[in-house]
Amino acid sequence: MNLSWYWPTPNGKPPTIAILSIVLPIAVLTLTASTVDISYNKVFYALPRMLDFTQNLWVMPDWQYLPQLGEKMLETVEMTLLATALAVVISMPLGILAAKNASPHPWIFRMTRDLLSFIRALPELVWALVFVSALGLGALPGIMALSLVTVGFMGKFIAESIEVVDSKAIEGLEATGCTKFQSILYAMLPQAVPDFIGSLLYILDHNLRAASILGLVGAGGIGYDMVMAMRLFNYERIGMIALSIYAIVTFLDRLSDVFRQKAIGGILNAH
Amino acid sequence: MAYISLKAVHKTYPNGYCALKNINLNIEAGQFIAVLGPSGAGKSTLLRAMNALDPATDGEITIDGVTLNKKNYRKIRAHVGMVFQQFNLVDRLNVMTNVLVGRLAERSWLSSLFYLFPKMDYQIAEAALREVDLLDKAWSRADKLSGGQQQRVGIARALAQQPKLILADEPIASLDPKASEEVLKLLRKICSEKGITIIINLHQVEYAKQYADRIIALNAGWLVFDGSPEQLTKAKQAEIYGTTIEEIHHEPELVLAYA
């Protein structure tokens with residue numbers, strides 16, 4: 163038996179692009195590693211302190227804090243749901259305008275795309291700072307910041323899922339003499355529904371975690387309590403907060419798994 | 042005056058490929074017309090020029106007294122049904138909605154936005170589904186149906202437009218022989234009973250001879266045959282298909298450009 167091995171290319175050698183895509187990143191990483199100051203010593207000496215912190219977490223929970231925790235967690239979840247719902251309503255038309263095959267004009271497509279990437283350029287926390295300084299402390303600036311960034315992402319996701327829709331159905335509609343608007347409604351959107359649901363569930367998950375730290379800048383939710391507990395070394399509360407965030411994120415994850423299965427299985431038909 | 046007339050129609054694709062060369066045709070209303078020719082001969086282009094899905098680059102197409110121009114595409118399409126090789130249904134919508142799509146051209150954007158249709162449209166859609174014998178599948182999802190059934194939904198959608206003309210672009214090329222015959226019989230029946238003109242692209246000469254009133258053949262963009270099924274002799278067939286085989290081998294990329 164001849165044990166010569168070849169790649170499935172005309173000359174039997176690996177394609178140049180494949181070699182480059184492995185060699186280049188390694189080269190870049192090697193060259194830049196020193197600039198970010200990765201020091202093994204630092205990590206090594208920090209270990210005992212990390213251990214210390216973890217040990218401190220093993221304390222009796224502060225049960226008196228429970229009602230406030232519940233209230234703040236509820237606020238966090240409400241912020242997430244409100245911001246996401248608001249963002250979906252706003253990003254639907256923007257996403258359609260930002261899809262190459264649905265946009266009424268190439269310029270509108272370009273401008274909407276640029277607007278969306280501008281919104282995405284800054285993280286929630288920075289937008290929250292902007293809104294807190296304009297509107298004062300509270301959940302409202304947090305919701306606004308969160309839904310703004312979500313519009314940036316959701317709009318892009320919607321546009322991309324519309325762009326990959328099968329063009330045959332669109333052609334089938336256009337041949338009946340309907341308008342572009344009607345072909346968006348009846349051919350593009352129904353076909354993009356599974357993708358929409360996928361991105362929506364991912365964004366809900368992401369937004370819950372984002373909402374839980376917005377309190378850092380005074381924009382509502384559990385984040386403020388978490389930062390205060392950290393600063394005051396209030397270990398009785400830190401553990402409770404971390405656990406409750408974990409519990410809710412996990413719950414949401416399970417829920418979205420069930421939902422996604424149904425959506426793909428076709429139970430959630432557009433009509 | 043003929044129901045459809047094509048005068049010196051040319052089609053050149055942006056890549057420079059000339060798919061239709063000086064086509065002159067007159068078609069009477071109510072006829073069943075088969076278009077034959079090898080792959081890449083311009084059959085699909087011819088049909089797609091008639092409803093401006095691929096507008097002709099030169100020449101004049103007149104349907105029912107209206108000459109096609111950039112402004113009246115939608116108006117013409119509203120009463121010209123089209124049936125596709127790949128059915129071109131919206132898979133995730135149910136059969137009824139797919140048929141109601143044929144009514145959209147008559148409906149406002151506002152009612153479309155809410156997926157609302159008047160009772161009249163449901164009656165038209167139901168009649169169309171009864172015509173293709175799929176009324177029992179009205180509320181199934183389109184992609185749950187077999188190929189032959191999906192093509193019949195495609196025909197029902199065309200019927201819902203209440204058309205005077207149906208363009209069928211290789212409607213049986215993706216179907217098995219049994220479903221193919223069903224679809225052809227159905228189109229023939231629609232033509233004979235409702236007087237709807239049907240122009241159909243086919244690969245099978247035998248089917249064309251069996252069902253059509255008139256046969257047109259294209260080869261490399263030229264109109265090479267136009268006559269009754271009886272006039273399409275074996276010698277003529279060899280002429281239609283024979284000469285192009287060489288051309289296809291000489292210019293494979295052009296054939297791919299518009300297969």
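Protein sequence lines, in the order shown, are assigned to chains A and B.
Here our numbering is used: the first residue of the first sequence is 163, the next is one more, and so on.
Here our numbering is used: the first residue of the second sequence is 42, the next is one more, and so on.
Where is the CB? At the ideal position from N, CA and C, for every residue including glycine.
task: Anything in the region 305–337 of chain A with a Cβ closer than 8 Å to a Cβ of chain B? List those residues in chain order, please.
output: D328, K330, A331, E333, G334, L335, E336 and A337
field: Whether L351 of chain A touches F421 of chain A by CB criterion (8 Å)
entry: no
field: Buried versus exposed, by CB contacts within 10 Å (16 or more), E287 of chain B
entry: Its pLDDT being 48, under 50, E287 of chain B is placed unreliably by the model, and the measurement read from it follows with that caveat. Exposed.
query: Would you call the CB atoms of Q192 of chain B and K330 of chain A closer than 8 Å?
result: no
message: Give me the chain B residues within the contact set of P172 of chain A, using Cβ-Cβ distance strictly less than 8 Å, ordered along the chain.
response: In chain order: nothing, as chain B lies at least about 19 Å away.
field: Rounded distance between the beta-carbons of V76 of chain B and I257 of chain B, thought under 8 Å
entry: 5 Å
Which listed residue (B:E247, B:G283, B:Y252 and B:E211) has its alpha carbon closest to that of N129 of chain B: B:E211
- prompt: Short check: CB of M241 of chain A to CB of G383 of chain A, under 8 Å?
  reply: yes
query: Which residues in chain B sit within 8 Å of Q353 of chain A, going by Cβ to Cβ distance?
result: V131, D132 and R133
- prompt: Is it right to say E437 of chain A is buried, meaning 16 or more other beta carbons lie within 10 angstroms of its own, or is it exposed?
  reply: This structure cannot settle anything about residue 437 of chain A, because the visible part of chain A is limited to 163 through 433.
message: Output needed in chain order: residues of the region 88–103 of chain B with a Cβ under 7 Å from some Cβ in chain C.
response: Of the protein chains in the structure, A and B, none is chain C.
query: Among residues of its own chain, excluding the 5 on either side of D267 of chain B, which ones have a beta-carbon nearer than 7 Å to its beta-carbon?
result: I257
- request: Show which residues of chain B have a CB atom less than 7 Å away from the CB atom of L347 of chain A.
  value: S153 and L154
- request: Flag F215 of chain A as yes if its beta-carbon sits less than 8 Å from any beta-carbon of chain B, otherwise no.
  value: no
message: Between which residues of its own chain and E294 of chain B is the CB-CB distance below 8 Å, once the five residues before and five after are set aside?
response: In this prediction, E294 of chain B has a pLDDT of 45, which is less than 50 and means its spatial position is unreliable; what the coordinates show is noted afterwards. Excluding residues within five positions, none has a Cβ falling inside 8 Å.
- prompt: Helix or strand or just coil, what does DSSP make of G283 of chain B?
  reply: helix
- prompt: Shorter than 8 Å from the beta carbon of G189 of chain B to some beta carbon of chain A?
  reply: no
query: Per DSSP, H267 of chain A forms a beta bridge with which residues?
result: Bridge partners of H267 of chain A: none, in fact.
- prompt: alpha helix (DSSP H) containing K161 of chain B: first to last residue?
  reply: Note that residue 161 of chain B is Met in the sequence shown here, rather than Lys. Segment K160 to E172, the alpha helix (DSSP H) holding M161 of chain B.
task: Pull up the DSSP beta-bridge partners for C59 of chain B, would you.
output: B:T53
task: Whole angstroms is fine: what's the gap from T312 of chain A's alpha carbon to A180 of chain A's?
output: 35 Å
query: Between the beta-carbon of A209 of chain B and the beta-carbon of V124 of chain B, is there less than 8 Å?
result: yes
message: Is D105 of chain B close to chain A? Criterion is C-beta to C-beta, closer than 8 Å.
response: no
message: Residues in the same chain with beta-carbon distance under 7 Å from A372 of chain A, minus the five sequence neighbours each way, listed in chain order, please.
response: E286 and L308
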